[in-house]
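Enquirer: The structure that follows is given in the form of structure tokens.
Numbering (the numbering used here), first residue to last: 35 to 357.
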């Protein structure tokens with residue numbers, strides 16, 4: 035049995051990644067600040083499945099606090115670090131850029147420093163497709179990615195650059211995983227999949243920025259978590275896209291599937307397109323196939339069926355949340 039550190043363990047991807055590590059027979063120390071960016075009850079809900087298992091330990095703490103990390107690394111010999119903690123959300127980062135830089139850059143630096151001091155060599159770093167603004171689709175890992183449109187994207191680029199520095203200077207083996215739009219059960223309520231399901235079900239108007247022809251590379255959370263685990267292999271320093279890798283799904287079509295699954299019609303409140311958002315996203319996942327043997331297995335409809343089913347089973351509880 036190996037022991038792994040998963041930061042951001044109460045997050046959407048972090049929880050699922052930790053669960054897969056436990057299912058394969060390893061131990062997990064999960065770190066999360068449980069901040070109030072969205073309702074903490076959803077994060078606690080995700081943790082319930084983990085805390086019931088004997089090989090899981092939860093620690094509430096912030097990666098910005100280097101002393102918290104020093105204590106954890108001093109107590110455990112980690113086989114690798116899954117650094118999935120981050121301040122997420124493009125639009126909120128425009129309002130609070132300092133908060134994003136503190137968590138996503140300084141926090142990442144603290145994690146890498148703790149790894150260096152305690153000779154932990156493997157880092158899996160969560161990054162984002164938001165870095166591909168202004169690049170030609172499908173987005174490839176060797177694109178320049180030097181024109182981030184939001185403080186969120188800029189902060190993730192900073193973390194990637196730091197990871198390369200620590201690879202070069204200190205021999206860290208780094209897998210940078212650029213995730214494309216991730217959805218699934220217990221997803222983030224600030225993202226369109228769960229938010230649209232809730233709004234359509236309740237008859238609340240959907241706030242849609244743009245005319246609905248903008249597209250996203252939607253990827254089911256289980257596929258993302260499985261790809262993340264596969265990237266634990268020694269790679270040196272590699273940036274790898276994890277996305278669906280097919281033509282972008284137009285938001286109008288995405289809404290139509292949810293309407294069909296719920297048996298309800300959406301009321302749409304259209305707003306002007308936001309400059310910080312990207313018009314379309316589409317991953318080139320050739321590299322993930324070659325290096326990791328990874329391909330997403332879940333179709334959009336199948337993934338949305340699972341997401342809507344989870345929502346319906348938890349509807350009364352979710353109605354208490356502010357979406």
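Using N, Cα and C, we set each Cβ at its ideal position, and we do this for glycine too.
Say whether the segment 261 to 270 touches the segment 290 to 309, bearing in mind that this needs 3 or more beta-carbon pairs closer than 8 angstroms, one atom from each stretch.
Expert: No, they do not touch.
Enquirer: Compute the beta-carbon to beta-carbon distance between residue 119 and residue 37, rounded to the nearest angstrom, for a pair I have assumed lies under 8 angstroms.
Expert: For the purposes of this step, residue 119 is taken as residue 85 along the chain shown, with counting starting at 1. For the purposes of this step, residue 37 is taken as residue 3 along the chain shown, with counting starting at 1. Actually they do not touch by this definition, with Cβ atoms about 18 angstroms apart.
Enquirer: Quick one, are the C-beta atoms of residue 154 and residue 193 less than 7 angstroms apart?
Expert: Numbered from 1 along the chain shown, position 120 holds the residue referred to as residue 154. Numbered from 1 along the chain shown, position 159 holds the residue referred to as residue 193. No; because the gap between Cβ atoms is not below 7 angstroms, this pair is not in contact.
Enquirer: Put residue 275 into one of helix, strand or coil per three-state DSSP.
Expert: Residue 275 sits at position 241 when you count from the first residue of the chain shown. Strand, per DSSP.
Enquirer: Note down the Cα distance separating residue 85 from residue 247, rounded to an integer number of angstroms.
Expert: The count along the chain shown starts at 1 and reaches residue 85 at position 51. The count along the chain shown starts at 1 and reaches residue 247 at position 213. So the two alpha carbons sit approximately 42 angstroms from each other.
Enquirer: Could you spell out where the beta strand (DSSP E) holding residue 90 opens and where it closes?
Expert: Locating residue 90 in the chain shown gives position 56, counting from the first residue. Here the beta strand (DSSP E) through residue 90 covers 90 to 94.
Enquirer: With distance defined between alpha-carbon atoms, name the residue in 59, 285, 46 nearest to residue 251.
Expert: Counted from its first residue, the chain shown places residue 251 at position 217. Of 59, 285, 46, the residue nearest in Cα terms is 285.
Enquirer: Beta carbon of residue 287, beta carbon of residue 172: below 7 angstroms?
Expert: Within the chain shown, the letter at position 253 stands for residue 287. Within the chain shown, the letter at position 138 stands for residue 172. It is not a contact, given that the beta carbons lie outside the stated cut-off.
Enquirer: Sort 175, 257, 216 by Cα distance to residue 122 and report the nearest one.
Expert: Within the chain shown, the letter at position 88 stands for residue 122. With distances taken between Cα atoms, residue 122 lies closest to 216.
Enquirer: Answer with buried or exposed for residue 266, where buried requires no fewer than 16 other C-beta atoms within 10 angstroms of its C-beta.
Expert: Locating residue 266 in the chain shown gives position 232, where the first residue counts as 1. Residue 266 comes out buried.
Enquirer: Give me whichever residues DSSP pairs with residue 253 in a beta bridge.
Expert: If you number the chain shown from 1, residue 253 lands on position 219. BP columns for residue 253 point to 216.
Enquirer: Measuring only the C-alpha atoms, how far is residue 356 from residue 100?
Expert: Taking the first residue of the chain shown as position 1, residue 356 is located at position 322. Taking the first residue of the chain shown as position 1, residue 100 is located at position 66. Their backbone Cα atoms lie some 32 angstroms apart in a straight line.
Enquirer: Work out the CA separation of residue 48 and residue 59 for me, nearest whole Å.
Expert: The residue given as residue 59 occupies position 25 in the chain shown. The residue given as residue 48 occupies position 14 in the chain shown. Roughly 17 angstroms separates the two Cα atoms.
Enquirer: My output table needs one value for residue 157: the three-state DSSP class, helix, strand or coil.
Expert: Numbered from its first residue, the chain shown carries residue 157 at position 123. DSSP places residue 157 in strand when its eight states are reduced to three.
Enquirer: Residue 97 by DSSP, collapsed to three states: which one?
Expert: Taking the chain shown and counting its residues from 1, the one referred to as residue 97 is at position 63. Note: residue 97 maps to coil in three-state DSSP.
Enquirer: Where residue 219 and residue 332 are concerned, what is the direct C-alpha to C-alpha distance, given to the nearest angstrom?
Expert: Within the chain shown, the letter at position 185 stands for residue 219. Within the chain shown, the letter at position 298 stands for residue 332. Distance between the alpha carbons of residue 219 and residue 332: 13 angstroms.
Enquirer: Give me the Cα-Cα distance between residue 348 and residue 202, rounded to the nearest whole angstrom.
Expert: In the chain shown, the residue the question calls residue 348 occupies position 314. In the chain shown, the residue the question calls residue 202 occupies position 168. Roughly 47 angstroms between the two C-alpha positions.
Enquirer: By Cβ distance, which residues of its chain are closer than 6 angstroms to residue 208, with the 5 residues on each side in sequence left out?
Expert: Within the chain shown, residue 208 is the residue found at index 174, counting from 1. For residue 208, where only same-chain residues beyond five positions count, the Cβ hits under 6 angstroms are 157, 197, 201, 271.
Enquirer: So is residue 346 buried or exposed if we call it buried at 16+ other beta carbons inside 10 Å?
Expert: The sequence position of residue 346 within the chain shown is 312, counting from 1. So residue 346 counts as exposed.
Enquirer: Between which two residues does the beta strand (DSSP E) holding residue 115 run?
Expert: Reading the chain shown from its first residue, position 81 is the one you call residue 115. From DSSP, the beta strand (DSSP E) with residue 115 extends over 114 to 117.
Enquirer: Have a look at the DSSP bridge pairing and note the partners of residue 41.
Expert: Position 7 of the chain shown, counting from 1, holds the residue named residue 41. Paired residue(s): 65, 117.
Enquirer: Which residues bound the beta strand (DSSP E) around residue 140?
Expert: Taking the first residue of the chain shown as 1, we reach residue 140 at position 106. Counting along the chain, residue 140 falls outside any beta strand (DSSP E), and DSSP gives it neither H nor E.
Enquirer: In the DSSP assignment, find the unbroken alpha helix (DSSP H) run with residue 319 in it and report its ends.
Expert: Start at 1 with the first residue of the chain shown, and residue 319 comes out as number 285. Unbroken run through residue 319: none, as it is neither H nor E.
Enquirer: State the Cα-Cα distance for the pair residue 237 and residue 244, rounded to the nearest angstrom.
Expert: Your numbering for residue 237 matches position 203 in the chain shown. Your numbering for residue 244 matches position 210 in the chain shown. If you take the alpha carbons of residue 237 and residue 244, they lie about 20 angstroms apart.
Enquirer: Mind checking residue 299: buried by the 16 CB within 10 Å criterion, or exposed?
Expert: Taking the first residue of the chain shown as 1, we reach residue 299 at position 265. The residue is exposed, with fewer than 16 neighbouring Cβ atoms inside 10 Å.
Enquirer: Could you give the first and the last residue of the continuous alpha helix (DSSP H) run that contains residue 296?
Expert: Within the chain shown, numbered from 1, the residue matching residue 296 stands at position 262. Per DSSP, residue 296 belongs to the alpha helix (DSSP H) from 285 to 296.
Enquirer: With a cut-off of 8 angstroms, do at least 3 Cβ pairs link the segment 132 to 147 to the segment 182 to 190?
Expert: Taking 8 angstroms as the limit for Cβ pairs, the verdict is that the segment 182 to 190 does touch the segment 132 to 147.
Enquirer: I'd like to confirm the pairing. Which residues does DSSP put opposite residue 210 in its beta bridges?
Expert: For the purposes of this step, residue 210 is taken as the residue at position 176 of the chain shown. Looking at the DSSP assignment, residue 210 forms a beta bridge with 159, 273.
Enquirer: Which word fits residue 78, buried or exposed, when buried means at least 16 other C-beta atoms lie within 10 angstroms of its C-beta?
Expert: Numbered from its first residue, the chain shown carries residue 78 at position 44. Residue 78 comes out exposed.
Enquirer: In angstroms, rounded to a whole number, what distance separates the CA positions of residue 178 and residue 195?
Expert: As a working mapping, residue 178 is identified with position 144 in the chain shown. As a working mapping, residue 195 is identified with position 161 in the chain shown. Between residue 178 and residue 195, the C-alpha separation is close to 13 angstroms.
Enquirer: Hey, could you find the ends of the alpha helix (DSSP H) residue 335 is sitting in?
Expert: As a working note, residue 335 is residue 301 in the chain shown. Run containing residue 335: 334 to 347, per the alpha helix (DSSP H) assignment.
Enquirer: Would DSSP call residue 190 helix, strand or coil?
Expert: Indexing the chain shown from 1 puts residue 190 at position 156. Three-state result, residue 190: helix.
Enquirer: Select from 276, 304, 161, 256 the residue whose C-alpha is nearest the C-alpha of residue 51.
Expert: Here residue 51 refers to the residue found at position 17 when the chain shown is read from its first residue. Residue 51 has its Cα closest to that of 256, out of 276, 304, 161, 256.
Enquirer: I'd like the span of the beta strand (DSSP E) that includes residue 242, first residue to last.
Expert: As a first step, residue 242 is located in the chain shown; it is residue number 208 there, counting from the start. Note, residue 242: beta strand (DSSP E), 240 to 243.
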